[in-house]
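To start, the structure itself, in structure tokens.
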Amino acid sequence: MSNELQSKRVAILATEGFEYVELTKPKQALEAAGAKTQVISLREGKIRGWDIDKWGEEVPVDVKLDAADPDSYDALLLPGGVINPDKLRMEPKAVKFVKSFFEAGKPVASICHGPWMLVEADVVRG
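To convert a position in the sequence shown, counted from 1, into this note's numbering, add 59.
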């Protein structure tokens, strides 16, 4: 794969209950295209994924949401899963983080149930 995303930084906003493949596979594809990704979450350490119908593996958190600056990223990825976006949309800091990407005109990718966050951030209509 080419390095078409070389030097681009992509924030991946997730928390406990993200759908495992909806975070890990896009993350791998972004990195294969040259992007630097960072998993941002409500807490430090690791977050546990959901694997179709049971708890799955954990992924390390790179940056706690409180310390994440949206201006430091070129794009945002919102993995789905039923639990993940539902927890995130209840956190005002997470909603503000998402909204800031739209206000800056930056690309946002939202998978499966991830668009719940877009509705909560009031960035989609119709």
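Ideal Cβ placement from N, Cα and C applies to all residues, glycine included. If you're wondering where the values come from, they're calculated on a predicted model, not measured in any experiment.
Boundaries of the beta strand (DSSP E) around P119: 113-119. Taking D130 as reference, the option from I170, V141, G139, P166 with the minimal CA-CA separation is P166. N143 and D128 have their C-alpha atoms spaced approximately 21 Å apart. Between the alpha carbons of A73 and L177 lies a distance of about 14 Å. Following the DSSP letters along the chain, one finds T96 in no alpha helix (DSSP H) but inside the beta strand (DSSP E) bounded by residues 95-100.
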